[in-house]
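Note that full-length UniProt numbering has the sequence shown beginning at 1, numbered continuously upward.
Don't be surprised by glycine CBs; every beta carbon is placed ideally from N, CA and C.
Below is one structure, written out as structure tokens; comments come after it.
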Amino acid sequence: ALPPAAVECRLAHVRAAAVDDEAGEACARALHELVWGKGLELAEVPGRADGPRFRVRVVDGVAEAKAGGDSRPTVNEQLVERGLARVPGASKHAADDLAVAMRALQLGARAARAGVWRYGDCDFSDDEK
């Protein structure tokens, strides 16, 4: 038997609305646009007891992936910066560089009232999980 070809990947420090919600659908469309059919570089972000979470970066081919193309923003950062997702409450005390950067991007999206912030504060009911 062949091993599975796909593995579930959860984005670190990202919380999006449910897909049946307008904001969740917009986030899903943006995620599809960002990653579908593209080369991805995944790096595990430590600290979650409920399974691995990843920092995901789109790369142009194997050479850039091997070079560690850190100059491009991660998919995680792009979704939060656009206001399509937010940093969950569980990540508010995380000290890794991704969490720190994403909290700053979230403040910018919130100030610009982008995406889920367009009406002010947003609350996803599953944030307590």
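>> Which residue marks the beginning of the alpha helix (DSSP H) containing residue 110, and which one marks its end?
In response: 97–111
> When the distance is taken between beta carbons, is residue 26 closer than 8 angstroms to residue 115?
Replying inline: Result yes, Cβ atoms of residue 115 and residue 26 sit closer than 8 angstroms.
> Touch check for the segment 11–18 and the segment 73–82: three-plus C-beta pairs under 8 angstroms?
Replying inline: Yes, the segment 11–18 is in contact with the segment 73–82.
>> Taking CB distances under 8 angstroms as the criterion, tell me whether residue 109 reaches chain D.
In response: You won't find chain D in this structure, because it holds only one protein chain.
>> Just list the residues that DSSP pairs residue 47 with in beta bridges.
In response: None, per the DSSP bridge assignment.
>> Under 8 angstroms, with one C-beta from each stretch per pair, do the segment 47–60 and the segment 104–111 reach the 3-pair mark?
In response: no
> So is residue 128 buried or exposed if we call it buried at 16+ other beta carbons inside 10 Å?
Replying inline: Summary for residue 128: the model assigns pLDDT 47, below 50, so the residue's position carries little reliability; its value from the coordinates is reported in the next sentence. So residue 128 counts as exposed.
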